[in-house]
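S.K.: Residue 240 in our numbering is what sits at position 231 of the sequence shown, and the numbering runs on without skipping anything.
Just so you know, even glycine gets a beta-carbon here, dropped at the ideal spot from N, CA and C.
Small disclaimer: the values here were computed from a predicted structure and weren't measured.
The structure is given below, and queries will be raised subsequently.
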Amino acid sequence: MQQTSDGGYILAGATNSFVGDRAWLIKTDGNGDSLWSRIHGGNPPVYPYFVQQTTDGGYFLGGAILDSLRGAEWWLLKTDASGDSLWSRKYGTITGHGDICYSGSQTSDGGYILAGCIGPFSGQGYVVWLLKTDANGDSLWSRTFEGGSGSGGNCHDVRQTDDGGYILGANTNTYTGGASDFWLIRTDSNGDSLWSRTFGGPNSDICRSVEQTIDGGFTVGGSTGSFGNGRLDFWLVKTDANGDCLWSRTYGRENVDEECYSMRQTADGGYILGGIWFDLVALEENVGLVRADANGDSLWSMDFGGDEHDWCFSVCQTNDGGFTFGGATRSYGAGGFDFWLVKTGPELAANEPPLLCPTSFQLDIYPNPFNSTTTFAFSLPRSSPVTLSVFNTLGQRVRDVNLGGLAAGEHRYLFDAGDLPSGLYLARIEAVGTTRTQKVVLIR
10 MQQTSDGGYI
20 LAGATNSFVG
30 DRAWLIKTDG
40 NGDSLWSRIH
50 GGNPPVYPYF
60 VQQTTDGGYF
70 LGGAILDSLR
80 GAEWWLLKTD
90 ASGDSLWSRK
100 YGTITGHGDI
110 CYSGSQTSDG
120 GYILAGCIGP
130 FSGQGYVVWL
140 LKTDANGDSL
150 WSRTFEGGSG
160 SGGNCHDVRQ
170 TDDGGYILGA
180 NTNTYTGGAS
190 DFWLIRTDSN
200 GDSLWSRTFG
210 GPNSDICRSV
220 EQTIDGGFTV
230 GGSTGSFGNG
240 RLDFWLVKTD
250 ANGDCLWSRT
260 YGRENVDEEC
270 YSMRQTADGG
280 YILGGIWFDL
290 VALEENVGLV
300 RADANGDSLW
310 SMDFGGDEHD
320 WCFSVCQTND
330 GGFTFGGATR
340 SYGAGGFDFW
350 LVKTGPELAA
360 NEPPLLCPTS
370 FQLDIYPNPF
380 NSTTTFAFSL
390 PRSSPVTLSV
400 FNTLGQRVRD
410 VNLGGLAAGE
420 HRYLFDAGDL
430 PSGLYLARIE
440 AVGTTRTQKV
450 VLIR
């Protein structure tokens with residue numbers, strides 16, 4: 010999600026409301042009312058992770074395209090100002106089959122810089138991949154940065170720096186011994202590493218966003234399981250121009266998991282962070298925003314949502330000084346998950362009262378597609394025994410889990426695919442005398 014030059018917004022994501030899993034591009038006016046929408050891809054399936062307006066008034070979006078023979082490859086689409094396709098490109102590796110592009114931006118020369126992960130490779134797992142293209146999407150060069158074994162070594166955000174180089178907000182499990190650590194990588198204009206820094210502790214710390222700040226330093230935003238008040242809190246790290254830490258701040262409450270998906274610096278030198286808050290007592294999953302000053306001290310926080318699952322994946326400050334976040338909601342809209350765009354004023358005062366008790370049996374799976382692990386989130390209107398089954402495309406049951414008797418409310422189960430091969434699966438949960446089934450895509 011991004012505010013466009015006319016004061017409206019551009020949103021991109023995946024939809025299965027049509028035939029196949031496709032990219033859905035939506036343009037709105039300044040009030041969030043839809044002006045047009047376009048569907049792209051679907052055979053093979055495509056999954057966008059970012060969108061940005063380009064200098065010619067058009068848009069580019071990128072993510073992953075799933076090929077039955079090669080697995081996942083990077084995918085880039087360029088459109089005109091009306092959202093109609095001008096060209097698309099695929100990028101991938103011969104040995105890897107879990108290549109996902111998580112971030113991209115237009116560069117000062119009119120081309121594009123893309124970042125994400127490729128792999129897995131024997132003995133290395135996934136590695137960070139940085140790819141530079143010209144204005145037509147043709148590759149100019151690429152660089153890899155090794156980040157450890159397993160699920161380590163991926164990049165969720167890349168930005169061009171003032172000197173024409175690049176800053177990457179990545180993750181690694183190589184250097185400090187944690188499950189995952191923030192990994193800040195600085196390169197020159199050719200993508201060659203100038204330095205890298207890691208930040209983290211003994212538990213999982215996930216970087217989602219990076220910014221070059223007004224003072225020439227950098228800020229990295231994400232989530233930490235190593236520090237703060239709970240199992241998972243928002244985490245903001247400020248560095249100087251050499252990547253050395255100046256300060257860090259955590260934002261969280263007891264008995265709440267706060268997972269940050271987006272961070273941006275604001276016009277006054279402060280910060281806005283957005284993500285998902287899961288209340289472990291009330292069993293709610295809502296959008297959470299945190300506003301901080303230039304020193305990282307919290308000014309306010311607020312949650313948004315209803316009685317279902319509500320998520321924020323992108324947040325920005327708007328031209329009027331307010332804020333907008335984009336994500337997905339199951340509490341509002343036409344049913345299932347819908348795109349969700351929310352505009353706020355510059356100062357927020359009170360939380361929207363949430364609805365605590367689910368009224369129906371629902372199943373959500375995220376992330377989807379996934380590599381290795383994903384979360385099965387489901388709500389029960391009353392207590393019930395629960396079983397989870399996973400089937401391949403031949404109808405064979407490949408996993409069967411008895412979760413036992415669970416109380417009414419929201420529940421989450423972390424599913425580990427283990428040695429299952431890449432492909433499409435059907436996940437089925439049986440509870441309260443009925444079943445819920447959803448497609449899930451495993452990418453390795």
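Nearest-angstrom Cα distance between residue 361 and residue 312?
M.R.: By 1-based counting over the sequence shown, the position of residue 361 is 352. By 1-based counting over the sequence shown, the position of residue 312 is 303. Bear in mind that a pLDDT of 42 at residue 361, under 50, signals an unreliable position, so the number given afterwards is only what the model happens to contain. Computed Cα separation, rounded: 7 angstroms.
S.K.: To the nearest angstrom, how far is the alpha carbon of residue 465 from that of residue 384?
M.R.: Given a span of 10 to 453 for the chain in the structure shown, any question on residue 465 remains unanswerable.
S.K.: Would you call the stretch 235-251 in contact with the stretch 268-282, where contact means no fewer than 3 C-beta pairs closer than 8 angstroms?
M.R.: The stretch 235-251, when compared against the stretch 268-282, does touch it at the 8 angstroms Cβ threshold.
S.K.: Spatial neighbours of residue 415 within its chain, please: C-beta separation below 7 angstroms, excluding the five flanking residues on both sides.
M.R.: Start at 1 with the first residue of the sequence shown, and residue 415 comes out as number 406. Only 389, 392, 393 and 395 meet the Cβ criterion.
S.K.: Looking at residue 238: is its Cβ nearer than 9 angstroms to the Cβ of residue 217?
M.R.: What you label residue 238 is simply residue 229 of the sequence shown in a count that begins at 1. What you label residue 217 is simply residue 208 of the sequence shown in a count that begins at 1. Against a cut-off of 9 angstroms, the Cβ pair of residue 217 and residue 238 comes out as no contact.
S.K.: For residue 296, is the classification buried or exposed, using 16 other Cβ atoms within 10 angstroms of its Cβ as the cut-off for buried?
M.R.: As a first step, residue 296 is located in the sequence shown; it is residue number 287 there, counting from the start. It counts as buried.
S.K.: Tell me whether residue 290 is buried or exposed, calling it buried when 16 or more other Cβ atoms sit within 10 Å of its Cβ.
M.R.: Against the sequence shown, residue 290 aligns to sequence position 281. Exposed, since its Cβ has fewer than 16 Cβ neighbours within 10 Å.
S.K.: Comparing alpha-carbon positions, which option in 431, 180 and 19 lies nearest residue 42?
M.R.: Here residue 42 is taken as the residue at index 33 of the sequence shown, counted from 1. Comparing Cα positions, the closest option is 19.
S.K.: Taking just the CA atoms, how far does residue 176 sit from residue 196?
M.R.: Position 187 of the sequence shown, counting from 1, holds the residue named residue 196. Position 167 of the sequence shown, counting from 1, holds the residue named residue 176. Rounded to the nearest angstrom, the two C-alpha atoms are 6 angstroms apart.
S.K.: Please state the DSSP three-state secondary structure of residue 375.
M.R.: For the purposes of this step, residue 375 is taken as residue 366 along the sequence shown, with counting starting at 1. Residue 375 falls in the strand class under three-state DSSP.
S.K.: Quick one: grab the DSSP three-state call for residue 289.
M.R.: For the purposes of this step, residue 289 is taken as residue 280 along the sequence shown, with counting starting at 1. If DSSP states are grouped into helix, strand and coil, residue 289 belongs with coil.
S.K.: Ends of the beta strand (DSSP E) at residue 14?
M.R.: Here residue 14 is taken as the residue at index 5 of the sequence shown, counted from 1. That residue, residue 14, is in no beta strand (DSSP E); it is neither H nor E in DSSP.
S.K.: Name the residue from 417, 386 and 405 whose alpha carbon lies nearest to the alpha carbon of residue 445.
M.R.: Sequence index remark: in the sequence shown, residue 445 carries index 436 (1-based). When each option's Cα is compared against that of residue 445, the closest is 386.
S.K.: Can you give, in chain order, each stretch of the alpha helix (DSSP H) that sits fully within the stretch 102-127 and has at least 4 residues?
M.R.: DSSP runs (the alpha helix (DSSP H)) wholly in the stretch 102-127: none.
S.K.: Exposed or buried, what is residue 136 when buried is set at 16 or more other beta-carbons lying within 10 Å of its beta-carbon?
M.R.: The sequence position of residue 136 within the sequence shown is 127, counting from 1. Under this definition residue 136 is a buried residue.
S.K.: Give me the Cα-Cα distance between residue 15 and residue 326, rounded to the nearest whole angstrom.
M.R.: Against the sequence shown, residue 15 aligns to sequence position 6. Against the sequence shown, residue 326 aligns to sequence position 317. Taking the straight line from one Cα to the other gives about 15 angstroms.
S.K.: Mind checking who residue 420 pairs with in its DSSP beta bridge?
M.R.: Translated into the one-based positions of the sequence shown, residue 420 becomes position 411. Within the DSSP bridge table, the entry for residue 420 names 387 as partners.
S.K.: Between 353, 381, 435 and 380, which lies nearest to residue 405 when the distance is taken from Cα to Cα?
M.R.: As a first step, residue 405 must be located in the sequence shown, where it is residue number 396. Selected option, being the one with the closest Cα: 435.
S.K.: What separation, rounded to the nearest whole angstrom, lies between the Cα atoms of residue 457 and residue 13?
M.R.: Since the first and last residues shown for the chain are 10 and 453, residue 457 lies out of range.
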